[in-house]
Structures are given as structure tokens and as C-alpha cells.
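The next block holds one structure in the form of C-alpha cells; read it before the comments.
Number of protein chains: 2
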Amino acid sequence: MELLEREIEKKGKVLPGNILKVGSFLNQQMDAEFVSKLAKEIYNHFKDKNINKILTVEASGIAFAILVAKEFKCKMVFAKKSQALNADGSLYQARCESFTRKTVNNITLPKEYLDKDDVVLIVDDFLAVGNAITALREIISQSGATLAGVTTIVEKGFQKGGDKLREEGIDLLSLAIVDKMEDGKITFRKN
Amino acid sequence: MELLEREIEKKGKVLPGNILKVGSFLNQQMDAEFVSKLAKEIYNHFKDKNINKILTVEASGIAFAILVAKEFKCKMVFAKKSQALNADGSLYQARCESFTRKTVNNITLPKEYLDKDDVVLIVDDFLAVGNAITALREIISQSGATLAGVTTIVEKGFQKGGDKLREEGIDLLSLAIVDKMEDGKITFRKN
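As they're listed, the protein sequences go chains A and B. Under numbering that gives the first Met the number 0, the first sequence has 152 at position 153, and the numbering climbs by one with no breaks. Under numbering that gives the first Met the number 0, the second sequence has 183 at position 184, and the numbering climbs by one with no breaks.
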């Protein structure tokens, strides 16, 4: 998406270790008008799939997810990160490794928020190796709901999580795919 | 707000210890259309105050805050919860006690996201004793920005945080004020 790529070039910062910082407009600070335009693009791509629920994981995916849910006029649910496993049976739960922080969390969702009648779009702000998406898919699988597709704002193409989803035949829409970051210069994948 | 009070009566659950559970429609699961109506109400109340930034704290306030920011066509920023104090001077930070969990966190915000030219509306989903609001006000004070007002979806009137803000002359809009919860019955404050 041209608009997003220009914004990343203008405001994103490439830090050592292939870290792309876009917190000033896509994460801890977010321009509601700009991100609403991204959400409309998502809606146009997935609008014929009968999606009735948007699923994300706290915290930074929430703002984008609710704006996407607004386009679909549907509900947004987010999985919580939790240290401990919950044993009372009221939650779906899945292991989720953090690639950047080298930690393992569980993510959880009350069972009452997702069931076999739901058609779900997974929304997250970033996709790298894809561990959060894998954990969210595990939760969908436990619930018996249908996965309609996956969408992210920025995919780091060189970390291959997105390509693996495409090889599986999953309908993945990433609004910008960064294939290379070198000397502060960002190369986007051509459509 | 009539619409919200009816929804709380219909879907909210009162748990032991004066806990009001509204996670099924206002927190971990959120109906984007319904919450957008709440956000419009906020906009109508504060629209003449030249607000250019919405400030909240992660995680559950974020979804409501970005929908409010969308009404104001402005930016949303959220403070992060953090265990440790950060010493490099790049962050505003304030202590925040959790009344429910009896823990103390620091909340932080990069200095680049808030400065003296900003006119800020603090948005959060819940207001009880008001500790999160106090910490967010401390961050605004450090930045030199102007506080235009405070807004929450549900205020627990009996925990007095809201009344203290009103006594200070702060423009506080709570969309529903719960004055009593007894035997599962909720009493709302009359306007």
C-alpha cells in the first residue's frame, strides 16, 4: 500500500539488529485518521468473507483491531498475555514465544468470546516470524471457529513468517512488506 | 447515558467484592459499533476544547481511546506499564498503584509523544479510586501540556475518585456512574 510505504519511509527509524521503529505513528502513538484508512483497505480485501469477529492479542494490536472491527461493524476480542497456565477450563490458551524478547508467554481468551459459529479475521500490527499468529490460530482451532484470514500492517518479509502462511494457503494481507533494511534504507516487496 | 446503562444492566455481572464485570462488551470483547456511539457522545461534550491528543494507559483503555481519537480526528497515545524506572531521561514516568491488584507499577511515555503545545483529553474505560488518572495527570504535568478534561465509560461513584476530580474543577465526563451494587442490582447516579 503506497500511502503506508511512504509514511514508513518518512517516519520510521531503522535501529541496529533489524529493528524497525514505527511507534510514532503506528504503535504507542497512533494517528486515528491515518490508521482508519488502513482499516478500510483491510475491509475491502476481506469484505465478502462473512467475518463476524476480529481477533488480536494485547497490547499494541488492539487499536488497529478495533478500527478494523468498526469497518466490519463487528466485535473485536483480544487475547491476554499471562505468565501462568490457567487450570479451571474457562479459557482457551496457547503458548507464544517472543522472538525479540526471547521469552515465552501464554495467551488466553475466555471461552465465551469465541465459538464454532464465528468467522474470524486475525489482526495484528506486526508480523515477523509469526509466533503471535501461530498462537492465535491455536486458540481459533480450540474454539472450532473458522479462520477467514490474517492481516497485519507491517510484515518483515525477511523473517519468513508471512511466506509460511501463504504457502499454507492462508489469505494473508500485509499492508507493507519490508524485504530488506540496510544502512537505514528500507526495501519494500513489489506486489 | 441511557443506552449504556441499559447495556450494563443487560450484560454486566456483579461479582463478590463489588466487582462489575463488563468484559463481554466493554473490555476484552468490544462491539465496535456500540463503543463508537459512546465515543461520539464524548466528542459532543468536549468538541469545543481544541483537543489534539487523546491519552490513555495500556491495555484495556486503548480500544476506546482510539475510537475517541477517530471522532476528534487526532492522535492517540498510550502510556506503558513498566516494572522498572527508566533512567535515561527519554521518558515521562509516574507511579501508579493498582487498587484491585494491590501492586505498584510505573507508567511511562516517550517524551517525543507529548509536549507543551498539546491539549489533552485523558480517556480510560474505568474510573474507581482514580489512581490511573492521577498517574496520567502527572505525566501531562511533566510534559507541560494542557489537560482539557477526563472521560471514562464507567465510573464507580462509591469509590469517590470521580467526585475528587469534580471538586478540583476538572471537566470529567463518565458515561455511566454506578453508585451502588447490592445483591446483583446496580443503581446508577441520576444526572
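Where a beta carbon is used, it is the ideal one built from N, C-alpha and C, also for glycine.
{"Asked": "How about Gln27/A: is its C-beta nearer than 8 Å to some C-beta of chain B?", "Found": "yes"}
{"Asked": "State the DSSP-derived secondary structure class of Ser23/B, mapped to helix, strand or coil.", "Found": "coil"}
{"Asked": "In terms of DSSP beta bridges, what is Thr99/A paired with?", "Found": "Answer by DSSP bridge pairing: none, since Thr99/A is not bridged."}
{"Asked": "Hey, Leu54/A and Val119/A are a contact pair by Cβ (cut 8 Å); roughly how many whole angstroms apart?", "Found": "5 Å"}
{"Asked": "So which residues on chain B does Tyr91/A lean against when the C-beta distance must stay under 8 Å?", "Found": "Going along chain B, no residue has its Cβ under 8 Å from Tyr91/A, so there is no contact; the nearest lies around 12 Å."}
{"Asked": "How many angstroms separate the CA atom of Met180/B from the CA atom of Asp178/A?", "Found": "55 Å"}
{"Asked": "Should Ile152/A be flagged as near chain B, meaning a C-beta pair shorter than 8 Å?", "Found": "no"}
{"Asked": "Which bits of chain A does Tyr112/B rub up against, with CB to CB less than 9 Å?", "Found": "Gly22, Ser23, Gln27, Gln28"}
{"Asked": "Measuring CB atoms only, is the region 67-74 of chain A touching the region 132-140 of chain A, in the sense that at least three cross pairs come out at less than 8 Å?", "Found": "no"}
{"Asked": "Suppose you measure from the CA of Phe63/B to the CA of Val122/B; what does that come to, to the nearest Å?", "Found": "8 Å"}
{"Asked": "Counting only the same chain and skipping the five closest in sequence on each side, list residues whose C-beta sits under 8 Å from that of Ala83/A.", "Found": "Asn105"}
{"Asked": "Less than 8 Å between the beta carbons of Val21/B and Ile41/B, yes or no?", "Found": "no"}
{"Asked": "Are the CB atoms of Gly143/B and Lys110/B within a distance shorter than 8 Å?", "Found": "no"}
{"Asked": "Taking just the CA atoms, how far does Thr102/A sit from Glu96/A?", "Found": "6 Å"}
{"Asked": "Could you tell me whether any Cβ in chain B is nearer than 8 Å to the Cβ of Phe77/A?", "Found": "yes"}
{"Asked": "Check whether chain B comes within 8 Å of Leu66/A, counting only Cβ atoms and requiring the distance to be less than that.", "Found": "yes"}
{"Asked": "Specify the secondary structure class of Leu113/B as computed by DSSP and reduced to three states.", "Found": "coil"}
{"Asked": "By how many angstroms is the C-alpha of Thr151/B removed from the C-alpha of Ala131/A?", "Found": "30 Å"}
{"Asked": "Looking at the structure shown, is Thr84/A part of a helix, part of a strand, or coil, going by DSSP?", "Found": "Residue identity differs from the one stated: residue 84/A is Leu in this sequence, not Thr. Of the three classes helix, strand and coil, the one that applies to Leu84/A here is coil, per DSSP."}
{"Asked": "Would Lys86/A be called buried (16 or more neighbouring beta carbons within 10 Å of its own) or exposed?", "Found": "With the sequence shown as reference, residue 86/A is identified as Ala, and Lys is not the correct amino acid for it. Exposed."}
{"Asked": "Anyone know if the C-beta pair for Glu57/B and Lys80/B falls short of 8 Å?", "Found": "yes"}
{"Asked": "If we ignore side chains and look at the alpha-carbon of each, how far apart do Asp170/A and Phe157/A end up?", "Found": "19 Å"}
{"Asked": "List the DSSP bridge partners of Val56/B.", "Found": "Ala78/B"}
{"Asked": "Using the rule of at least 16 other Cβ atoms within 10 Å of the residue's Cβ for burial, across every protein chain shown, is Ile65/B buried or exposed?", "Found": "buried"}
{"Asked": "Assuming Gln141/A is part of the alpha helix (DSSP H), what are its boundary residues?", "Found": "130-142"}
{"Asked": "Strictly below 8 Å CB to CB, what residues from chain A border Lys72/B?", "Found": "Ala31, Glu32"}
{"Asked": "Classify Ser173/A as helix, strand or coil using the three-state DSSP reduction.", "Found": "strand"}
{"Asked": "If you draw a straight line from the alpha carbon of Lys46/A to that of Arg188/B, how long is it in whole angstroms?", "Found": "42 Å"}
{"Asked": "So, for Ala175/B: in the same chain, excluding its five sequence neighbours on each side, which residues have a beta-carbon less than 8 Å away from its beta-carbon?", "Found": "Met0, Leu3, Glu4, Ile7, Ile152, Val153, Glu154, Phe187"}
{"Asked": "Using three-state DSSP, classify Ile65/A as helix, strand or coil.", "Found": "helix"}
{"Asked": "Among Arg100/B, Ala78/B, His44/B, Thr99/B, which residue has its Cα nearest to the Cα of Gln92/B?", "Found": "Ala78/B"}
{"Asked": "Can you give me the C-alpha to C-alpha distance between Lys12/B and Lys184/A, rounded to a whole angstrom?", "Found": "52 Å"}
{"Asked": "Is there a Cβ of chain A sitting closer than 8 Å to that of Lys10/B, yes or no?", "Found": "no"}
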